[in-house]
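Using the numbering used here, read the sequence shown as starting at 1 and increasing by one per residue. Read through the structure below, which is laid out as structure tokens, and then see the notes.
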Amino acid sequence: MGSWGAVFTGYGAFLPGPPISNRALLEQHGQQFDLEKHEATTGILARHWAAPGQATSHIAAEAAKRALQQAQLDPAQLDRIILGTSSPDYTNLAAACRVQQLIGATCPASDITAACAGFIYALEQAACLVRTGARHVLVIGADTKSRFIRADDPVFGPIFSDGGGAVVLSATDRPEAGLLDILLWADGSGFETLYVPAGGSMLPAS
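Set out below in structure tokens:
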């Protein structure tokens with residue numbers, strides 16, 4: 001097997017619905033937060049929320065279609081689809097499989113659940129696949145976090161929203177080109193500061 005590099009050949013993004021400004025959040029949803037401090041601290045000026053019936057897979061599929069269009073690829077040419085998400089459509093089905101159906105692909109498809117780092121973990125896996133023989137891998141990061149927060153929550157309401165981004169990672173015979181390396185690190189000792197206590201196997205949803 002020869003040495004292969006992994007290059008980005010297509011990019012795509014999708015944001016559902018119209019933007020909702022911080023001012024609108026304050027006025028329409030009874031939010032109570034310091035507008036100027038929030039914008040200065042987070043840089044967030046607006047957010048997008050998915051419409052009823054619009055799930056993570058729909059958002060991911062739209063971003064994927066745009067990335068494939070830029071890469072000038074037919075979905076049938078994909079060797080793998082990897083979706084990084086912490087808000088899949090269903091608990092017992094990879095949202096990537098639904099994306100596969102929506103875009104008309106036939107390749108293997110799987111999810112990676114690693115919260116904010118999900119897309120980077122997916123990208124690392126894609127790079128490994130390309131360097132070992134895959135020709136084209138679709139990498140997506142998408143979430144519908146608005147489904148899990150209250151619009152009037154002063155902490156999470158102004159921060160989390162919905163959207164998706166996608167890239168196509170393709171093989172090149174120049175190993176020095178494109179994506180050179182990814183450095184990952186994890187610290188499981190702090191999980192209790194970030195986890196959601198209910199909904200998983202420790203405390204199933206009823």
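Cβ atoms here follow ideal geometry from the backbone N, Cα and C, with glycine treated the same way.
Notebook entry, point to check: My guess is that ALA61 and ILE103 are in contact by the Cβ rule of under 8 Å, so how many angstroms apart are they, rounded?
Noted result: In the sequence shown, residue 61 corresponds to position 61, counting from 1. In the sequence shown, residue 103 corresponds to position 103, counting from 1. Sure, about 5 Å apart at Cβ, within 8 Å.
Check: Which residue comes first and which comes last in the alpha helix (DSSP H) that contains SER57?
Finding: Locating residue 57 in the sequence shown gives position 57, counting from the first residue. Per DSSP, SER57 belongs to the alpha helix (DSSP H) from 56 to 71.
Item checked: Cβ distance (whole Å) where ALA13 is taken to contact ARG66 below 8 Å -> In the sequence shown, counting from the first residue as 1, residue 13 sits at position 13. In the sequence shown, counting from the first residue as 1, residue 66 sits at position 66. Indeed, because the Cβ distance is near 7 Å, the residues count as touching under 8 Å.
Note to self: Considering only DSSP beta bridges, list what SER110 is partnered with.
What the structure shows: Numbered from its first residue, the sequence shown carries residue 110 at position 110. ILE82.
Checklist line | Distance between beta carbons of GLY163 and HIS48, contact taken as under 8 Å | finding: Here residue 48 refers to the residue found at position 48 when the sequence shown is read from its first residue. Here residue 163 refers to the residue found at position 163 when the sequence shown is read from its first residue. That pair is a contact at about 6 Å.
Checklist line | Beta bridge counterpart(s) of HIS48 as assigned by DSSP | finding: Working through the sequence shown from its first residue, we reach residue 48 at position 48. The partner list for HIS48 (beta bridge, DSSP) is empty, contrary to what the question assumes.
Checklist line | Helix, strand or coil at TYR195 [DSSP, three-state] | finding: Counting from one through the sequence shown, the residue named residue 195 turns up at place 195. DSSP places TYR195 in coil when its eight states are reduced to three.
Checklist line | Inter-residue CB distance, LEU169 and VAL130 (contact presumed, cutoff 8 Å) | finding: Position 169 of the sequence shown, counting from 1, holds the residue named residue 169. Position 130 of the sequence shown, counting from 1, holds the residue named residue 130. The Cβ separation is near 6 Å, so the contact holds.
Note to self: Does the region 75 to 95 come into contact with the region 117 to 131, if we say contact requires no fewer than three beta-carbon pairs (one atom in each stretch) closer than 8 Å?
What the structure shows: yes
Margin query: Determine whether the beta carbon atoms of SER86 and ALA46 lie at a separation below 8 Å.
Written below: Walking along the sequence shown from the start, residue 86 turns up at place 86. Walking along the sequence shown from the start, residue 46 turns up at place 46. No, the Cβ-Cβ distance between SER86 and ALA46 is not below 8 Å.
Note to self: Quick check on LEU138: does DSSP put it in helix, strand or coil?
What the structure shows: Taking the sequence shown and counting its residues from 1, the one referred to as residue 138 is at position 138. Strand, per DSSP.
Margin query: Helix, strand or coil, according to DSSP, for GLY104 in the structure here?
Written below: Residue mapping note: residue 104 aligns to position 104 of the sequence shown, counting from 1. The answer is coil: DSSP assigns GLY104 none of H, G, I, E or B.
Checklist line | For GLY10 and GLN72, the rounded distance between their alpha carbons | finding: As a first step, residue 72 is located in the sequence shown; it is residue number 72 there, counting from the start. As a first step, residue 10 is located in the sequence shown; it is residue number 10 there, counting from the start. Spanning the two alpha carbons is a distance of roughly 8 Å.
Notebook entry, point to check: Can the beta-carbon of ALA50 be found closer than 8 Å to that of ALA142?
Noted result: On the sequence shown, residue 50 is found 50 positions in, with the first residue counted as 1. On the sequence shown, residue 142 is found 142 positions in, with the first residue counted as 1. Their beta carbons are not under 8 Å apart, which means ALA50 does not touch ALA142 by this criterion.
Note to self: Let me make sure I understand the geometry here. Which of GLY133, LEU203 and ASP152 has the alpha-carbon closest to that of ALA24?
What the structure shows: For the purposes of this step, residue 24 is identified with residue 24 of the sequence shown, where counting begins at 1. Of the listed residues, the one whose Cα sits closest to ALA24 is ASP152.
Check: Under the rule that 16 or more other beta-carbon atoms within 10 Å means buried, what is VAL155, buried or exposed?
Finding: Along the sequence shown, one-based indexing puts residue 155 at 155. When all chains shown are included, VAL155 counts as exposed.
Check: First and last residue of the beta strand (DSSP E) that includes LEU169?
Finding: As a working note, residue 169 is residue 169 in the sequence shown. Its beta strand (DSSP E) spans residues 162 to 172.
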